[in-house]
Amino acid sequence: MDVQKKLDEIVSTVSGARSMPMSASCVVNRAALLALLEEVRQALPGSLAQAQELIGDRDQMVEEARREAERIIESAHAERGSLISDTEVARRSQAEADRILTEARQEAEEVRAEADDYVDSKLANFEVVLTKTLGSVGRGREKLLGTGPGLTEDGYEDEDAPERSHDPETLRRDADAYVDLKLGAFEAVLAKTLEAVGRGRQKLHGRIATDDLGALADDTGTVQHSSDADYLAGLAETSPAPAAP
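Just so we're on the same page, this note's numbering is the position in the sequence shown counted from 1, plus 1.
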């Protein structure tokens, strides 16, 4: 039953009732009015219950909406914190990557410069050795052919150079011995040079800590050399005596 409609009927009945003269009272049909009021009274509990139910549904909906809003806000805060954390991690990772790259470039540049210096040093040493060897061979040829004094670059007599002889056989034998002596010395120079270069490559690759070729004792003596340069240069000046023919 529509309570509102019944109330409208009651209001209409009272409004249309006959008025009493000289009074605000009116004459209404008591039985009809009571019947309408009874219908309203019977309908009110149901309407009130329905209203209570609607109010309860509204409160539940409000509570659910409030909880959903709180969940969305918490999720937004968590997402914001995660984004800030990810950004910080990314920034630190990029900074660390830049630092490692810079150090790697510096180290590579240092290794390259060290390699250049090492190769230049070895080539210079080898140039000195070859120059000394060629000079020794040239002086020996001059003495052998009788076109020079047969002296060393320091002005001393080259004891390794053979004496000039008019005997072809003696001249050939002395020349062979002299050439064999110089070739043997040159062979030793090349072998030790290759050994020094090999050690240099190991040093550049970090397999040995120092340039220790010159610090090793000579296999044929007890002389200690302070560097590869001294060791190689000495080979051009000293060599084992040739075997007697």
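Quick reminder that beta carbons are idealized off the backbone N, C-alpha and C, glycines included. Predicted, not measured: the structure shown is a model, and the values here were computed from it.
- The three-state reading of DSSP puts SER16 in helix, counting H, G and I together.
- The C-alpha of ALA98 is placed about 40 Å away from the C-alpha of LEU195.
- Each residue's CA atom was taken as its position, placing ASN30 and LEU45 some 23 Å apart.
- Each residue's CA atom was taken as its position, placing ARG106 and VAL112 some 10 Å apart.
- In the DSSP assignment, the residues bridged to VAL28 are ARG19.
- Counting only residues of its own chain and dropping the five nearest sequence neighbours on each side, VAL28 has a CB closer than 7 Å to the CB of ALA18, ARG19, MET21.
- Between LYS7 and LEU37, the CB-CB gap stays under 8 Å.
- For LEU124, the closest C-alpha among the options ALA52, LEU55, ALA25, VAL190 is that of VAL190.
- In this structure, VAL138 keeps its C-beta atom at 8 Å or more from the C-beta atom of LYS193.
- THR14 places its beta carbon less than 8 Å from that of LEU34.
- If you draw a straight line from the Cα of GLU104 to the Cα of ARG140, it comes to about 54 Å.
- Distance from the CA atom of ARG68 to the CA atom of ASP9, rounded to whole angstroms, is 42 Å.
- Counting other Cβ atoms within 10 Å of its Cβ, ASP175 reaches 16 or more and is therefore classed as buried.
- The C-beta of ALA77 has fewer than 16 other C-beta atoms within 10 Å across all chains shown, which makes the residue exposed.
- Closest in C-alpha terms to ILE11, from the list MET23, ALA32, SER24, comes ALA32.
- Residue environment analysis places VAL130 among the buried positions, since at least 16 neighbouring C-beta atoms fall within 10 angstroms of its C-beta.
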